[in-house]
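Mapped onto this note's numbering, the consecutive letters of the sequence shown carry residue numbers -1 to 338.
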Amino acid sequence: MSDGGVRATGVGSFPGDDQRDFDEALAIVLGELAADERGLPFLPEVPGRGATAGLTGRTLGLVAELDADLQPEGWRLTGTSGAPPVDQRRARSLLAQDLDALEERAAGHTGPVKVQVAGPWTLAATVERPRGDKLLADHGARRELAQALAVAVTDHLADLRRRLPVASELVLQLDEPALPAVLAGRVPTASGFGKHRTVHPPEASEALSWVLAAAAEAGATPWVHCCAPDVPIGLLRGAGARGVMLDLDLLDADGHDASAEALEAGETVVLGVVPTTGPLPGDKVLVERVLRWLDLLGLDPERVGGGLVVSPACGLAGSTPAGARHALELAQAVARAVTG
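See the structure below:
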């Protein structure tokens, strides 16, 4: 996918609240990343368009084996069979519309392309059971959700490959911002007075492995993104992630060491270094920061360059279109400068 140099990408979300904003986001992504061999373009998300365009809604729109609808508290499985509820159909239709736009504008693209879906543990911590409370409270329900998501990922990647037949590589990004809280027993119950029980690492790894294996078997490279503290990098790699996407500001000593191990093993580390809030620094500041990080880990930029990707620290939904464009420009500039 790369000539050995550091690459650049984005996490996924962009600002806006209507279809024109999605069109602008797609134009920015393709304009900044598709024409450069160091760039990894992706299907942008514009969650400001409503719950059906957010990470959870987009992913539930893909999961044909489970029916879900929108309640005042958020997404909930219905426990029924038959035609999908109207909200889920809307989410599915909106994603298909976005994929149509990607197919049209990226026709003939021969480089890599990335798409994002919510991971099984973030969904379990977010989506409610038919009888109330999160899926996280029900061992059987969370297994069923993970298995249904694996099927959905297979179908989604087959659709993407049909739409972009000459893309050199498909990357499936599994978004798991809630995973550290799930592992630590920090997810609140519906009442708000308690916490859901801790999910132990073997079960967490198994559910992740079903989805990541489905992506790999569909011919995609599976990555996991988590812009939260205490990212279990070793668990993610053990479950089959060939890339991890991290916020550099949130890494502790264990995270630095685990990132070095991943790079030395020939896997990918996507380093979130471009801020998503406040004034953006110059590219020289960010280049120096990446080089200091590599030096701290005892890694040669030239040797690990092909496995290192630079990105914004997290999504850009809270930015402006101009700010989002500038963030991707900075990521590109940093990627080019680190290894030349």
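Quick reminder that beta carbons are idealized off the backbone N, C-alpha and C, glycines included.
Figure out for me which residue from the options has the closest Cα to the Cα of residue i.
i	options	result
F191	D131, E167, P227 and S207	D131
R323	D67, E22, P227 and V4	E22
L306	L162, D15, L289 and G183	L289
A212	L177, R184, G321 and V169	V169
E174	A216, V229 and A331	V229
G236	A144, A202, P227 and G80	A202
L292	P279, L314, T274 and A260	A260
G59	D153, V4, E71 and P110	D153
L162	M243, A123, K112 and L172	K112
P110	V242, A33 and T54	A33
V302	A333, G280 and P273	A333
G337	G313, S309, G304 and Q145	With the sequence shown as reference, residue 337 is identified as Thr, and Gly is not the correct amino acid for it. Here the closest residue by C-alpha is G304.
H137	T196, A150 and A105	T196
A335	T275, G280 and A320	G280
L134	R74, A105 and P83	R74
Is it right to say residue i is buried, meaning 16 or more other beta carbons lie within 10 angstroms of its own, or is it exposed?
i	result
S0	Any answer about S0 is weak, because its pLDDT of 44 lies below 50 and its placement is not dependable; what the coordinates show is given next. S0 should be labelled buried.
E126	buried
Q114	buried
G316	exposed
T318	exposed
R140	buried
H198	exposed
Q354	Limits of the chain in this structure are -1 at one end and 338 at the other, which puts residue 354 out of reach.
E102	exposed
D247	exposed
L100	buried
P200	exposed
D65	buried
Q69	exposed
S257	buried
What residue does the beta strand (DSSP E) around residue i start on, and which one ends it?
i	result
H223	A218 to H223
L244	G241 to D245
P110	P110 to A116
A66	A66 to Q69
D173	E167 to D173
L269	T266 to V272
Provide the residue span of the alpha helix (DSSP H) that contains residue i, from first to last.
i	result
S309	First-last for S309: L306 to P310, but that is the beta strand (DSSP E), not the alpha helix (DSSP H).
G236	I231 to A237
G138	H137 to R161
For residue i and residue j, which I take to be in contact (beta-carbon distance under 8 angstroms), what is that distance rounded to the nearest angstrom?
i	j	result
A6	W119	Actually they do not touch by this definition, with Cβ atoms about 28 angstroms apart.
L53	E63	Not a contact, Cβ separation roughly 19 angstroms.
Going by the beta-carbon positions, is the gap between residue i and residue j smaller than 8 angstroms?
i	j	result
H107	A165	yes
L326	G8	yes
D252	A311	no
A116	T76	no
L284	L328	yes
T124	A89	no
G238	P227	no
L172	L143	no
R47	D16	yes
G10	G313	yes
L364	L31	Nothing can be reported for residue 364: it is not among the residues displayed for the chain, which extend from -1 to 338.
Quick one: does residue i have its CB under 8 angstroms from some CB of chain D?
i	result
H107	Going by chain labels, chain D is absent from the structure shown, which holds only one protein chain.
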